[in-house]
Amino acid sequence: MVDRRTLLAGLAMSGPAMADPPNAFGFAFQVIEGGPLPLAQFRGRVLLVANTASFCGYTPQYAALQRLHDRYEARGLTVVGVPSNDFNQESTDAQKIREFCDGMFGITFPITALNHVKGAEAHPFFAWAAREAGPVSWNFHKYLVGRDGRHVQGFSTQTEPDSPAVIRAVEAALAAPAA
Numbered sequence: 001m002v003d004r005r006t007l008l009a010g011l012a013m014s015g016p017a018m019a020d021p022p023n024a025f026g027f028a029f030q031v032i033e034g035g036p037l038p039l040a041q042f043r044g045r046v047l048l049v050a051n052t053a054s055f056c057g058y059t060p061q062y063a064a065l066q067r068l069h070d071r072y073e074a075r076g077l078t079v080v081g082v083p084s085n086d087f088n089q090e091s092t093d094a095q096k097i098r099e100f101c102d103g104m105f106g107i108t109f110p111i112t113a114l115n116h117v118k119g120a121e122a123h124p125f126f127a128w129a130a131r132e133a134g135p136v137s138w139n140f141h142k143y144l145v146g147r148d149g150r151h152v153q154g155f156s157t158q159t160e161p162d163s164p165a166v167i168r169a170v171e172a173a174l175a176a177p178a179a
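What follows is the structure, encoded as C-alpha cells:
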C-alpha cells in the first residue's frame, strides 16, 4: 500500500493532472532522454509496461519485448520499458542505459527514466498496477494494460514476453474495444 506522502511525491513528479487517475492513462513518466512521457498519449492503445534492468539474467527479454512491439505496434500495442535499480542490477546513468538498450537490442519502444517499481517509493503507476494485478517481485515483471486503461494483467519475470500466455493476452486485449 502506498502512503500519502509517497502518493503526493509521485503526483508532483507526474504533474497536477494526475489527481486520482481512474486508469493507467492518468499516469506519467519521464523519458530517459528527459521530458515528459504521459501515458495519456497512448489512450486507446494496449500497453505492456515492463520494469527492466541491464545487468540481470533476464536482460535478454529486451529482445522479446522489441519483437512483441514490432509485431503488434501497428495493431495498437505499445511496449514501455521502465529501468529500475530496485534489485541492484541497473546502471544509474541514463545515457549508459539508453546506449545499452540501443546497442545491444535496438530498442525502439519508449524507455523511461530510472524509477522505483516496488515498495513505498514505487512510481505511482507501479503502485496502482500492483494493487490491480499483483506486485513486482523482480526485474522484467510485465503489466499488460487494456485499451480502456483499466484492465491490468501481470506477468512474472519468468513469463517471457513472447510466451503463448502473453501472446494470447495481448491478442485478446487488442481485440477488445477501447471503452
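Our numbering puts the first residue of the sequence shown at 1, with every later residue one more than the last.
Backbone N, C-alpha and C fix where the C-beta goes; we use that ideal spot for every residue, glycine too.
Going by the beta-carbon positions, is the gap between L39 and A50 smaller than 8 Å? no
Any idea what DSSP makes of I111, helix, strand or coil? strand
What are the boundary residues of the alpha helix (DSSP H) that includes G81? G81 -> not in any alpha helix (DSSP H); beta strand (DSSP E) instead, spanning L77 to P83.
Report buried or exposed for S84, applying the criterion of at least 16 other Cβ atoms within 10 angstroms of its Cβ. buried
DSSP state of G119 mapped onto helix, strand, coil: coil
Nonlocal neighbours in the same chain, by C-beta distance under 7 Å from G44, ignoring five residues either side: R147 and A178
Just how far apart, CA to CA, sit A129 and P135? 7 Å
Can you give the Cα-Cα distance for P22 and A173, rounded to whole angstroms? 19 Å
Identify the continuous alpha helix (DSSP H) that holds Q66 and give its terminal residues. Q61 to Y72
What did DSSP end up calling F155 once you bin it into helix, strand or coil? strand
Which term fits D102, buried or exposed, when burial requires 16 or more other beta carbons within 10 angstroms of its beta carbon? exposed
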